[in-house]
């Protein structure tokens, strides 16, 4: 069997007092992964900071700094989300949230840190500031818009109808199995009052009816 450096870190499990060697290897393995994940961001931020200081216009540097960060975080969050079977986790949600905040910061930085204002004595762009403020003010209206949209309501009703229909089909099959003399398995939640979503996703996600 082919050996690897990373694999050798885990062959020392319970080979030392209080499993000290294995826990130490785990710490350094975790640290090395964090460093590998941080290196692309550090290089991107260094490149963006240098462009802000040396390149004209500095908006190019802000684009690399903020939009580049947002692109990397979005790619990381989407890839991790897909690999985990579309299960949302705090790190995935944080990746998307930071990507969104980086995009907003880019819009603000381009307007407020414009060299035409600080070096040329020009006034702030009223149109640019208005667009940024309008964008921020429109964000809380997004859930309200979807809640009041008739097409979204109809789609949600159809979705819930499909969920209920599928759950009824699963319930009928479960009843037929119980009629055949099979016992209920409490570990799978059988015998517990469930909602439709529990019947559909039972065995796929860690959902509990209780």
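Residue numbers (my numbering): 1128 to 1337. Backbone N, C-alpha and C fix where the C-beta goes; we use that ideal spot for every residue, glycine too.
- In terms of Cβ geometry, residue 1222 and residue 1204 form a close pair [threshold 9 Å].
- Taking the CA atoms as reference points, residue 1138 sits about 46 Å from residue 1189.
- Spanning the alpha carbons of residue 1290 and residue 1214 requires a straight line of approximately 19 Å.
- Contact check between the stretch 1176-1186 and the stretch 1157-1165: fewer than three CB pairs, one atom from each, fall below 8 Å, which does not count as touching.
- With contact defined as three or more Cβ pairs closer than 8 Å, the stretch 1233-1244 and the stretch 1256-1265 are in contact.
- C-alpha of residue 1294 to C-alpha of residue 1285: approximately 14 Å in a straight line.
- Put simply, the backbone Cα of residue 1227 is about 17 Å away from that of residue 1171.
- Taking the CA atoms as reference points, residue 1299 sits about 11 Å from residue 1292.
- Distance from the CA atom of residue 1197 to the CA atom of residue 1269, rounded to whole angstroms, is 21 Å.
- Of the residues assessed, residue 1200 falls on the buried side of the cut-off, its CB having 16 or more other CB atoms within 10 angstroms.
- Taking residue 1148 as the centre and dropping the five residues before and after it, the same chain places the C-beta of 1139 closer than 6 Å to its C-beta, in chain order.
- Counting along the chain, the unbroken alpha helix (DSSP H) around residue 1270 starts and ends at 1268-1275.
- Selection 1252, 1193, 1276 and 1278 evaluated against residue 1169 yields 1193 as nearest (Cα-Cα).
- Closest by C-alpha distance to residue 1261, out of 1251, 1234 and 1206, is 1234.
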